[in-house]
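Shown next, in structure tokens, is the structure this report addresses.
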Amino acid sequence: MAAMLGAKEILQGLIQYLVLLFSLSVHESSHAWTADRFGDPTARYLGRITLNPIAHMDLFGTVIFPLLMIFSSVPLIGWARPVPVNLGNLGSPRRDHLWIAAAGPLSNLALCAGFLVLLAALLRTSSAAREALSGYLGGPAGGSAAPSAWEPILLFLLSGVFLNAMLAVFNLLPVPPLDGNAVFQGVLPAAAADRLEGFSRYGFLILFLLVFSGVLRYLLDPVYALLAAAVFLLAS
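Sequence positions in the sequence shown follow the numbering used here and run 147 to 382.
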């Protein structure tokens, strides 16, 4: 399938993958840093407070699955190895675990905002960048009138905006083993959270159904459309 991809698609896939590695590293190191702040040094001892993607890499979720999606021209998503948390080290396990879980998606939202600010700053200060982005977005069949010097920069910033938004929303779904499940359990009464824990064994099945039934796309499309509208406004 890689032979069917043109130079533009290969460049886009490579840049998206590099942004994904960086974003997943920030996501997982945010979990580890927050856990350490709340009294659990387990992840710090394991070297997980780092932006080195190798420390967080999951063979399937960080390598195989994302690369298959890139070469299949499917919207990119991925995951890293979960950060271990020893609840016994936390002062208030349910409350602290909620914030540790939320730290990952919140870091992706912060990255999304940061990339959007950088994109806006670039477009405000460079008419050439605005013209490049307009041509890139409006080119036929994904073609681009963008000068090649601008294209990698625009792809990098756009990937940072969209990928981090998708990662944040995806991880906030209240489905185990996603972060949203721990956040959801943290706001429930303890008895209800304990009952919900019994459904954890079905988490991967639920995720599989969400992805391959198209339900996940319906959940992510409004976020994508909102960000796309913001980018079009910046380019105009």
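Using N, Cα and C, we set each Cβ at its ideal position, and we do this for glycine too. Note that the coordinates shown come from a computational prediction; the quantities given were computed from them, not determined experimentally.
Measure the Cβ-Cβ separation of residue i and residue j and say whether it is below 9 angstroms.
i    : j    : result
L106 : N317 : No answer is possible for residue 106: it lies beyond the span of the chain, which begins at 147 and ends at 382.
R183 : M203 : no
L192 : E297 : no
V377 : L279 : yes
N198 : A247 : no
L252 : A181 : no
L265 : L319 : no
L257 : P212 : no
R240 : G344 : no
A201 : S238 : no
Provide the residue span of the alpha helix (DSSP H) that contains residue i, from first to last.
i    : result
A248 : P239 to T271
W179 : A153 to R183
A337 : A336 to E343
L205 : Segment: none, L205 is in no alpha helix (DSSP H) and carries neither H nor E.
T188 : T188 to Y191
P368 : V361 to A381
P298 : E297 to N317
N327 : D325 to V333
P212 : F211 to F217
In angstroms, rounded to a whole number, what distance separates the CA positions of residue i and residue j?
i    : j    : result
A275 : L269 : 6 angstroms
L160 : L283 : 19 angstroms
V229 : S218 : 29 angstroms
L214 : L355 : 19 angstroms
A189 : A178 : 5 angstroms
G207 : W225 : 5 angstroms
D367 : S273 : 30 angstroms
A291 : E155 : Bear in mind that a pLDDT of 49 at A291, under 50, signals an unreliable position, so the number given afterwards is only what the model happens to contain. Those two C-alpha atoms are separated by around 15 angstroms.
A337 : N254 : 31 angstroms
L195 : E174 : It should be noted that the sequence gives Ile, not Leu, for residue 195. Distance between the alpha carbons of I195 and E174: 8 angstroms.
G383 : A339 : This structure gives no information on residue 383, because the portion of the chain shown stretches from 147 to 382.
G288 : L301 : With a pLDDT of only 43 at G288, under the threshold of 50, the placement of this residue in the model should not be trusted, and no figure is reported.
M147 : P335 : Because the pLDDT at M147 is just 45, under 50, the model does not fix this residue reliably, and the value given afterwards should be weighed accordingly. C-alpha separation (whole angstroms): 49 angstroms.
A153 : A295 : 15 angstroms
L394 : S169 : In the structure displayed, the chain extends from 147 to 382; residue 394 sits before or after that span and is not available.
S382 : G360 : 32 angstroms
Report the CB separation of residue i from residue j in whole angstroms; it is logged as a contact under 8 angstroms.
i    : j    : result
M312 : I223 : 6 angstroms
V329 : L236 : That belief does not hold up - the Cβ atoms of V329 and L236 are roughly 15 angstroms apart, past 8 angstroms.
S176 : G234 : The Cβ separation is near 22 angstroms, so there is no contact.
L373 : V307 : 6 angstroms
L362 : V321 : Actually they are not in contact, since the Cβ atoms of L362 and V321 sit about 10 angstroms apart, beyond 8 angstroms.
So does residue i have its beta carbon nearer than 8 angstroms to some heavy atom of the ligand MG?
i    : result
F350 : This structure lacks the ligand MG, and indeed carries no ligand of any kind.
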